[in-house]
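Sequential numbering from 48 applies to the sequence shown in our numbering.
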Amino acid sequence: MVGGLVVDITNHNGESFSAKTLNVSYNGFGMQCSTIDRNLITPQGDFVEAGRPVEFDVSLMLPEGEHGRGGMIVAKCRVLYSRRLANDRCEIGMRYIKIEDDGEEKLARYIQDAISA
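Here it is in structure tokens:
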């Protein structure tokens, strides 16, 4: 798995923040954030609302690779897990529900390039 990408996350209220990924895979990503940011998307770590998983809009910025590939991936995600690491730090795991346009292709190329490096 690869990580260190900037991810922008927006909740259903339009509140957003940026974080860095810990890992990125074909199915989703993990990230670390402050408890303040965590509470914007999963208040007190709760990621189910009215019996349904909470969904978020995310944008991942892929760096230019060896072959000049990069760009933005826009997706809708659900939180898989949220755990407190310290008093002020949390880890959140997100799963892609829908990746827009050619984002899946870009993501696959990015991961393959990172694995090959």
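Quick reminder that beta carbons are idealized off the backbone N, C-alpha and C, glycines included.
Give the single residue among L107, L127 and L132 whose Cα lies nearest to the Cα of I120. Indexing the sequence shown from 1 puts residue 120 at position 73. Per the Cα distances, L107.
If you draw a straight line from the alpha carbon of E147 to that of A122, how long is it in whole angstroms? For this step, residue 147 is matched to residue 100 along the sequence shown. For this step, residue 122 is matched to residue 75 along the sequence shown. C-alpha separation (whole angstroms): 6 Å.
Residue closest to T82, alpha-carbon to alpha-carbon, out of E152, S129, I162 and R142: By 1-based counting over the sequence shown, the position of residue 82 is 35. Cα-wise, what sits closest to T82 is S129.
Checking the sheet assignment: what are the DSSP bridge partners for T57? For this step, residue 57 is matched to residue 10 along the sequence shown. Answer is S63 and D104, bridged to T57.
To the nearest angstrom, how far is the alpha carbon of L132 from that of E138? What you label residue 132 is simply residue 85 of the sequence shown in a count that begins at 1. What you label residue 138 is simply residue 91 of the sequence shown in a count that begins at 1. One C-alpha to the other measures close to 7 Å.
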